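*Asks:* Take a look at this one; I'll ask things after.
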């Protein structure tokens, strides 16, 4: 077998590249394989690629002001009109509806809860509104209400609270209203606009006007000088049935003078506070009112007036009695108020002289 022929190693030209600052200086150098070593080859330096991600700033390099600016939405920089619209969307409910409260239990007389009906289910949530925004985390839950806006800051709380207290607040009893007024404090009491007692949609209503509760309620309401309405749907306590004089013999006669005297005895301090705040001694008569159903039930208990009517005449005659009873109450109350507040120098319409503005000291 013939021996294989071994050919000498083929010499090839090796080309190495060196990075140059000027393209004109680029030169190709040829080496023999025997003289070329790996560490002698010069490779161009790789350029660092720019990252696609944004540069991350370390938190410890930020100042306290920068951290606050990065973490907080600049809500207070919004125009006041826009902030007011946000407050309305968060805190106002339908004008025809009210925020209803549950009657406190004897074990927890100071506990106030909001009652919400949804799909025939009742859910109740704790209410603990305070005069500042950072004390209590519990707020009432009512559909379409976002009360957490009150927790943003004290300034936001001061701006938004008037919108919350513009709603109508409905209480099943005077115990519930007393607990509520104590809970919100005198600062928020001044923001209240409308209060109602008893829900006409409910079948069994607790009687209104227990003397001790009546006195305490209107003592607390004396701080609510911006009130526009206190309306009673609940029936009066039976004690008041003998405070009306009803005679259905023609001509029919109704007197509510003794009832008016009781109202002044229990609520006179509130009538005086409202008169001074709204500069009208008769302002309380327009605010504190009773529904026609309340008058009808009260007159019905006072001598069983409804039993003397028959057929279609019953409704018409009862409405006439209610009108006469309301007129008698109004006349008597105006006489009492005029006498008790004679020192305030009101005019014939009950208006008080305006207080002149305080002049700055020169």
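In the numbering used here, the protein residues as written are 207 to 568.
Every residue gets a Cβ at the ideal spot worked out from N, C-alpha and C, and that includes glycine.
Since we're looking at a predicted model, the values are computed, not measured.
Could you give the distance in angstroms between the alpha-carbon of residue 315 and the alpha-carbon of residue 415?
*Replies:* Computed Cα separation, rounded: 18 Å.
*Asks:* Give the straight-line distance between the Cα atoms of residue 357 and residue 295, rounded to the nearest whole angstrom.
*Replies:* Cα to Cα, residue 357 sits roughly 16 Å from residue 295.
*Asks:* Helix, strand or coil, according to DSSP, for residue 487 in the structure here?
*Replies:* The answer is coil: DSSP assigns residue 487 none of H, G, I, E or B.
*Asks:* When the Cα of residue 312 is compared with those of 382, 373, 270 and 367, which residue comes out closest?
*Replies:* Per the Cα distances, 382.
*Asks:* Does DSSP put residue 445 in a helix, a strand or coil?
*Replies:* Helix at residue 445.
*Asks:* What residue range does the beta strand (DSSP E) around residue 498 cover?
*Replies:* Residue 498 -> not in any beta strand (DSSP E); alpha helix (DSSP H) instead, spanning 498–507.
*Asks:* Quick one, which of 489, 285 and 451 has its alpha-carbon nearest residue 505's?
*Replies:* Considering only alpha carbons, the answer is 451.
*Asks:* Mind checking whether residue 487 and residue 547 have CB atoms under 8 Å apart?
*Replies:* Cβ distance < 8 Å, so residue 487 and residue 547 count as in contact.
*Asks:* Between the alpha carbons of residue 427 and residue 269, how many angstroms are there, rounded?
*Replies:* Cα to Cα, the separation comes out at about 49 Å.
*Asks:* The beta strand (DSSP E) spanning residue 380 covers which residue range?
*Replies:* Residue 380 -> not in any beta strand (DSSP E); alpha helix (DSSP H) instead, spanning 380–395.
*Asks:* Using DSSP bridges, identify the partner residues of residue 564.
*Replies:* In the DSSP output, where bridge partners are listed per residue, residue 564 has none listed.
*Asks:* Is the separation between the beta-carbon of residue 406 and that of residue 500 shorter than 8 Å?
*Replies:* Not closer than 8 Å, so no.
*Asks:* Suppose contacts are defined by Cβ-Cβ distances below 8 Å. Is residue 498 in contact with residue 528 by that definition?
*Replies:* Contact: yes.
*Asks:* Are residue 534 and residue 461 closer than 8 Å when you measure CB to CB?
*Replies:* Yes, the Cβ-Cβ distance between residue 534 and residue 461 is below 8 Å.
*Asks:* Bridge partners for residue 460 per DSSP, in chain order?
*Replies:* Residue 460 is bridged to 452.
*Asks:* Hey, could you find the ends of the alpha helix (DSSP H) residue 290 is sitting in?
*Replies:* Note, residue 290: alpha helix (DSSP H), 286–297.
*Asks:* Work out the CA separation of residue 367 and residue 354 for me, nearest whole Å.
*Replies:* Rounded to whole angstroms, residue 354 to residue 367 spans 11 Å at the Cα level.
*Asks:* Given this structure, state the Cα-to-Cα distance separating residue 299 from residue 418, to the nearest angstrom.
*Replies:* Answer to the nearest angstrom: the Cα atoms are 33 Å apart.
*Asks:* Measuring alpha carbon to alpha carbon, tell me which residue in 531, 411, 554 and 297 is nearest residue 351.
*Replies:* Closest by alpha carbon: 297.
*Asks:* Let's test the definition: count the other Cβ atoms within 10 Å of the Cβ of residue 308 and tell me whether it reaches 16, buried, or not, exposed.
*Replies:* By the neighbour-count rule (16 or more Cβ atoms within 10 Å), residue 308 is buried.
*Asks:* With a threshold of 16 other CB atoms inside 10 Å of the CB of residue 404, please say whether the residue is buried or exposed.
*Replies:* With 16 or more other Cβ atoms within 10 Å, it is buried.
*Asks:* Count the other CB atoms within 10 Å of the CB of residue 365; is the residue buried (16 or more) or exposed (fewer)?
*Replies:* Classification for residue 365: buried.
*Asks:* Comparing alpha-carbon positions, which option in 503, 472 and 552 lies nearest residue 482?
*Replies:* Residue 482 has its Cα closest to that of 552, out of 503, 472 and 552.
*Asks:* Can a CB atom of chain D be found closer than 8 Å to the CB of residue 556?
*Replies:* Protein chains in the displayed structure number just one, and chain D is not present.
*Asks:* Alpha carbons only, please: which of 380, 363, 421 and 424 is nearest the one belonging to residue 394?
*Replies:* The residue with the shortest Cα to Cα distance from residue 394 is 363.
*Asks:* Residue 304 by DSSP, collapsed to three states: which one?
*Replies:* Of the three classes helix, strand and coil, the one that applies to residue 304 here is strand, per DSSP.
*Asks:* In the DSSP output, what is residue 493 paired with across the bridge?
*Replies:* According to DSSP, which records beta bridges pairwise, residue 493 is partnered with nothing at all.
*Asks:* According to DSSP, what are the bridge partners of residue 557?
*Replies:* Paired residues: 486.
*Asks:* Going by the CB atoms, is the gap between residue 420 and residue 473 shorter than 8 Å?
*Replies:* In contact: residue 473 and residue 420 (Cβ atoms closer than 8 Å).
*Asks:* I need the boundaries of the alpha helix (DSSP H) containing residue 423, first residue and last residue.
*Replies:* Where residue 423 is concerned, the enclosing alpha helix (DSSP H) stretches over 417–427.
*Asks:* Could you tell me the distance, in whole angstroms, from the CA atom of residue 492 to the CA atom of residue 359?
*Replies:* Between residue 492 and residue 359, the C-alpha separation is close to 37 Å.
*Asks:* Locate the beta strand (DSSP E) running through residue 438, then write down its first and last residues.
*Replies:* First-last of the beta strand (DSSP E) with residue 438: 435–438.
*Asks:* Assuming residue 438 contacts residue 477 under a Cβ cut-off of 8 Å, what Cβ separation, rounded to an integer in Å, is found between them?
*Replies:* Incorrect: roughly 15 Å between the Cβ atoms, too far for contact.
*Asks:* Between residue 485 and residue 557, how many whole angstroms is the CB-CB distance? I'm expecting something under 8 Å.
*Replies:* Indeed they touch by this definition, with Cβ atoms about 6 Å apart.
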